[in-house]
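Numbering (our numbering), first residue to last: 138 to 254.
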């Protein structure tokens, strides 16, 4: 039976990692670290993270859901809009960084002046 494990940030409820894990199969994995060991490492790496165990449930979409008062809840429309706006900004920043990098490489003579990327 697969179980859902959610690692979330206790400060804002944002889901950082989520996975469906079959504990029986995970326990007999001899070739690498088990998923449960990886969960322990992630939790040890950040004191703001916590884990929630949900037996036999559907894996929540981290972009649509968060953890609040030990429950997985749907994000509010303002929270979803904030995520969409952040993506737009990140896309704009990425395009501008690419443009600046191309101009810099042209000035250094590392790529042809007529390169448009």
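Idealized CB from N, CA, C, for every residue including glycine.
Burial state of residue i (16 or more Cβ within 10 Å)
i	result
residue 203	buried
residue 214	exposed
residue 197	buried
residue 225	exposed
Backbone CA spacing between residue i and residue j [nearest angstrom]
i	j	result
residue 220	residue 200	8 Å
residue 255	residue 230	This structure leaves residue 255 out entirely; the chain is present only between 138 and 254.
residue 211	residue 140	20 Å
residue 154	residue 174	14 Å
residue 248	residue 171	46 Å
Cβ distance (whole Å) where residue i is taken to contact residue j below 8 Å
i	j	result
residue 207	residue 189	7 Å
residue 150	residue 205	5 Å
| field | Validate contact between the stretch 146-154 and the stretch 167-185 using beta carbons, cut 8 Å, 3 pairs | value | yes
| task | Ignoring anything shorter than 4 residues or poking outside the stretch 164-228, list the alpha helix (DSSP H) runs there in chain order. | result | 172-182
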